[in-house]
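For the sequence shown, the positions run 25 to 298 when the working numbering is used. Ideal Cβ positions, reconstructed from N, Cα and C, are used throughout, including at glycine. Down below is the structure, laid out as structure tokens.
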Amino acid sequence: MATSGKEGCPCINTTNTLASSSDRYCVLDNGDPGVQLTIDGSCVPPNYGSSSCLQHDLMYDPICSMDTDHLGESIIPAYCFRPWCYVDIVKCKKDSEERAFRSSYFEVDSGVDVYYSYSTCNSTAEDWLTAEEGIVGSPPLGGVDILGIVPAFMDPMMYKRDSDGKIVLDSSGPEFFNDSIPWEGVYIKYIRDIIRISEGDISSINITHRSRASKLVHPTSSYTSAVQDLQDGLADMAIGPFWVTGQRLKMTAFTLPIVYDKVSLMTTTSFIHN
């Protein structure tokens, strides 16, 4: 029985959003208008991924076709059998611990900005993530509107204030996940300066919080959690004093360092007396 996802991360209807992508127009086998997922790829109906936890790929994607005439010629990919849906990413990040990903079918500047979740459907994204690059490829990052995420409060780098005007440093509190409270700090000013000196190349950098779900994946580090959100496509950049580690380099690219930390390892010395 189909569900509409979990309460904190509900499925949403993205039919109009997908249908609005005129450059992806195609015609389905039944003559109805469809949406081209990739160049020379699958043509699916505009309600693909909408409203309910279903095996959307098995239902609509020709790659997952169970045509009995061809069953012996190829193996149907495992992701075809996984239920998923497009979700309200703002609500998922704020009110749930469900993992969600930005759809890589649509480039950042395409006008189609949709996010999907398998876990809200009690499913797993692993099979799709394994197959994704071979199906979708790696579209270039483009567009002039950038979404940035902050991993945690750190005074004076990035912080918010409570209703009394006092600086808040509890990154698990409601202020951190409340996008109506403005961000302040050295790094926030730096980001605004980047917009200014770009002379129109960057029209905006909207700043929000990391997701709750990424903290479950990396419970010991809010910073690695934010990098996870980048890898999952939930944001375009992460803002903060990140250490460049081997683990993080496998997940995303880094800018040139702005500052350097000098770290020394102090140990005791044992003397042997004759």
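How would you label Lys-118, buried or exposed, when you count the other beta carbons within 10 angstroms and need 16 or more for buried? If you number the sequence shown from 1, residue 118 lands on position 94. So Lys-118 counts as buried.
On a CA-only basis, which of Cys-67, Met-261 and Val-132 is nearest Ile-215? Give me that one, please. On the sequence shown, residue 215 is found 191 positions in, with the first residue counted as 1. The residue with the shortest Cα to Cα distance from Ile-215 is Met-261.
Provide the residue span of the beta strand (DSSP E) that contains Cys-50, from first to last. Counted from its first residue, the sequence shown places residue 50 at position 26. Looking at the DSSP string, the run of the beta strand (DSSP E) that includes Cys-50 is 49-51.
Okay, do the stretch 53-69 and the stretch 173-189 touch, 3+ Cβ pairs below 8 Å being the bar? no
Using the C-alpha atoms, what's the distance from Val-251 back to Gln-60? The count along the sequence shown starts at 1 and reaches residue 60 at position 36. The count along the sequence shown starts at 1 and reaches residue 251 at position 227. The straight-line gap from Cα to Cα measures roughly 30 Å.
Is there at least one non-hydrogen atom of the ligand HEM closer than 6 Å to the beta-carbon of Ala-102? The ligand HEM is not part of the structure shown, which contains no ligands of any sort.
Could you pull the start and end residues of the beta strand (DSSP E) that Gln-79 belongs to? The residue you call residue 79 lines up with position 55 of the sequence shown. Here Gln-79 belongs to no beta strand (DSSP E), and DSSP marks it neither H nor E.
Pick out whichever of Thr-276, Thr-291, Gly-270 and Pro-265 has its Cα sitting closest to the Cα of Val-283. Translated into positions along the sequence shown, residue 283 becomes position 259. Considering only alpha carbons, the answer is Pro-265.
Are the CB atoms of Ala-259 and Leu-171 within a distance shorter than 7 Å? The count along the sequence shown starts at 1 and reaches residue 171 at position 147. The count along the sequence shown starts at 1 and reaches residue 259 at position 235. Yes; because the gap between Cβ atoms is below 7 Å, this pair is in contact.
From the DSSP secondary-structure annotation, give me the bridge partner or partners of Trp-207. One-based indexing of the sequence shown puts residue 207 at position 183. Trp-207 is not bridged to any residue.
In terms of residues, what are the limits of the beta strand (DSSP E) holding Asn-230? Your numbering for residue 230 matches position 206 in the sequence shown. Segment 228-233, the beta strand (DSSP E) holding Asn-230.
Taking the continuous beta strand (DSSP E) assigned at Cys-109, which residues delimit it? The sequence position of residue 109 within the sequence shown is 85, counting from 1. Looking at the DSSP string, the run of the beta strand (DSSP E) that includes Cys-109 is 109-111.
According to DSSP, is Asp-301 helix, strand or coil? With the chain represented from 25 up to 298, any question about residue 301 goes unanswered, as that position is not in the structure.
Rounded C-alpha distance that separates Val-160 from Asp-188: Residue numbering aside, residue 160 sits at position 136 when the sequence shown is read from its first letter. Residue numbering aside, residue 188 sits at position 164 when the sequence shown is read from its first letter. Roughly 49 Å separates the two Cα atoms.
In its own chain, which residues sit with a C-beta less than 6 Å from the C-beta of Phe-130, not counting the 5 before and 5 after it? Taking the sequence shown and counting its residues from 1, the one referred to as residue 130 is at position 106. Excluding residues within five positions, the ones whose Cβ falls inside 6 Å are Val-136.
Three-way DSSP call (helix, strand, coil) for Thr-92 in this model: For the purposes of this step, residue 92 is identified with residue 68 of the sequence shown, where counting begins at 1. In this predicted model, Thr-92 has a pLDDT of only 43, less than 50, meaning its place in the structure is not dependable enough to derive any value.
N-terminal and C-terminal residue of the alpha helix (DSSP H) that Ile-159 is part of: The residue labelled residue 159 in the question sits at position 135 within the sequence shown. Residues 150-160.
Taking the beta strand (DSSP E) that Leu-171 falls in, what are its first and last residues? As a working mapping, residue 171 is identified with position 147 in the sequence shown. From DSSP, the beta strand (DSSP E) with Leu-171 extends over 169-174.
Selection from Leu-280, Leu-78, Ser-147 and Thr-248 that minimises the alpha carbon distance to Arg-272: Residue numbering aside, residue 272 sits at position 248 when the sequence shown is read from its first letter. It is Thr-248 whose Cα lies nearest to the Cα of Arg-272.
Who pairs with Pro-281 in a beta bridge, going by DSSP? Residue mapping note: residue 281 aligns to position 257 of the sequence shown, counting from 1. The partner list for Pro-281 (beta bridge, DSSP) is empty, contrary to what the question assumes.
Determine the DSSP secondary structure at Arg-236, reduced to helix, strand or coil. Translated into the one-based positions of the sequence shown, residue 236 becomes position 212. In the structure shown, Arg-236 sits in a helix (DSSP, three-state: H, G or I).
Member of Asp-47, Tyr-103 and Ser-143 whose CA lies at the smallest distance from the CA of Leu-307: Absent from the structure is residue 307, since the part of the chain shown begins at 25 and ends at 298.
Quick check on Leu-95: buried or exposed, where buried means 16 or more other Cβ atoms within 10 Å of its Cβ? Here residue 95 is taken as the residue at index 71 of the sequence shown, counted from 1. Because Leu-95 sits at a pLDDT of 47, beneath the cut-off of 50, its placement in the model cannot be relied upon, and the following sentence gives the value as read from the coordinates. Answer is exposed; the Cβ neighbour count stays below 16.
Check whether the Cβ atoms of Pro-70 and Leu-42 lie closer than 7 Å to each other. Residue numbering aside, residue 70 sits at position 46 when the sequence shown is read from its first letter. Residue numbering aside, residue 42 sits at position 18 when the sequence shown is read from its first letter. Yes.
Looking at Tyr-142 and Trp-108, is the spacing between their C-beta atoms short of 7 Å? In the sequence shown, the residue the question calls residue 108 occupies position 84. In the sequence shown, the residue the question calls residue 142 occupies position 118. Contact flag set, yes.
Assuming Gly-58 is part of the beta strand (DSSP E), what are its boundary residues? Taking the sequence shown and counting its residues from 1, one reaches residue 58 at position 34. Per DSSP, Gly-58 belongs to the beta strand (DSSP E) from 57-60.
Find out if the Cβ-Cβ distance for the pair Thr-38, Val-138 is shorter than 7 Å. Indexing the sequence shown from 1 puts residue 38 at position 14. Indexing the sequence shown from 1 puts residue 138 at position 114. Yes, the pair counts as a contact, with Cβ atoms nearer than the cut-off.
Considering only C-alpha positions, which residue in the set Leu-280, Lys-274 and Ile-219 is nearest to Ile-231? Taking the first residue of the sequence shown as position 1, residue 231 is located at position 207. When each option's Cα is compared against that of Ile-231, the closest is Ile-219.
Under a Cβ-count criterion, where at least 16 other Cβ atoms within 10 Å of its own Cβ denotes burial, should Gly-29 be classed as buried or exposed? Working through the sequence shown from its first residue, we reach residue 29 at position 5. The residue in question, Gly-29, is buried, as its Cβ has 16 or more Cβ neighbours within 10 Å.
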